[in-house]
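Working notes, structure below.
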Amino acid sequence: MNPRRFFHAISYLQYPIMACALYFYVPFIQKLFATQELDYQNLDYFLIMLGVALSFSTLQDTTKTQNKLSRKVWENPLFGKVFLIVVAISTFLMIFSGLVFIVLPIESILKDMAVGLTVLGIGFLGVLKAAIEMFENHRLDKNPKPE
-2 MNPRRFFHAI
8 SYLQYPIMAC
18 ALYFYVPFIQ
28 KLFATQELDY
38 QNLDYFLIML
48 GVALSFSTLQ
58 DTTKTQNKLS
68 RKVWENPLFG
78 KVFLIVVAIS
88 TFLMIFSGLV
98 FIVLPIESIL
108 KDMAVGLTVL
118 GIGFLGVLKA
128 AIEMFENHRL
138 DKNPKPE
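So that you can map any letter, position 78 of the sequence shown is 75 in my numbering, and since no number is skipped, the others follow by simple counting.
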């Protein structure tokens, strides 16, 4: 088995990890609707599992698109650039805010979610790298379709 296929196969671990993330998200939502209170510990665990799942999702083969919508985004230079900018800003904000909340000397709600935000941001960093590769592999202005 070549490395590309191996890592593509490993990328499917994202789905059971997403199921684990839902395991923490469902009680969070149930408590939110039942008592109007936020369960920050479950939210933090959800963010951590989501970040790990995103990290596994970036192991997919970036030479192939998964659906028509993603192909349209990556083939269009404008849409691809806008998407990359949005992901880059989101990634920076998550990592930065997570690290700031970890370092702050105060005990607050945000401190409870700091690790989750940081891990989610690191997961998004992998998504950004994979998105850049997808954009390079599929944009029509640099890689025209053969006739």
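Positions of the beta carbon are idealized from the N, C-alpha and C atoms, including for glycine.
{"Query": "Can you check which of these residues, Pro74, Lys65, Phe121 and Tyr42, is closest to Ala145 by C-alpha distance?", "Result": "For residue 145 there is no data in the structure shown, the boundaries of the chain being -2 and 144."}
{"Query": "Please classify Thr60: is it buried, with 16 or more other beta-carbons within 10 angstroms of its beta-carbon, or exposed?", "Result": "exposed"}
{"Query": "If we call anything under 8 Å between Cβ atoms a contact, is Glu72 one with Arg2?", "Result": "no"}
{"Query": "For Gln11 and Met131, what's the separation of their Cα atoms in angstroms?", "Result": "19 Å"}
{"Query": "Give the range of the alpha helix (DSSP H) segment to which Asp36 is assigned.", "Result": "Premise fails: Asp36 is in no alpha helix (DSSP H) and is neither H nor E."}
{"Query": "Does DSSP put Pro0 in a helix, in a strand, or in coil?", "Result": "helix"}
{"Query": "Would the region 93 to 102 and the region 74 to 83 be scored as touching if the rule is three or more Cβ pairs under 8 Å?", "Result": "no"}
{"Query": "What are the complete alpha helix (DSSP H) segments, minimum 4 residues, inside the region 33 to 75?", "Result": "37 to 54 and 65 to 72"}
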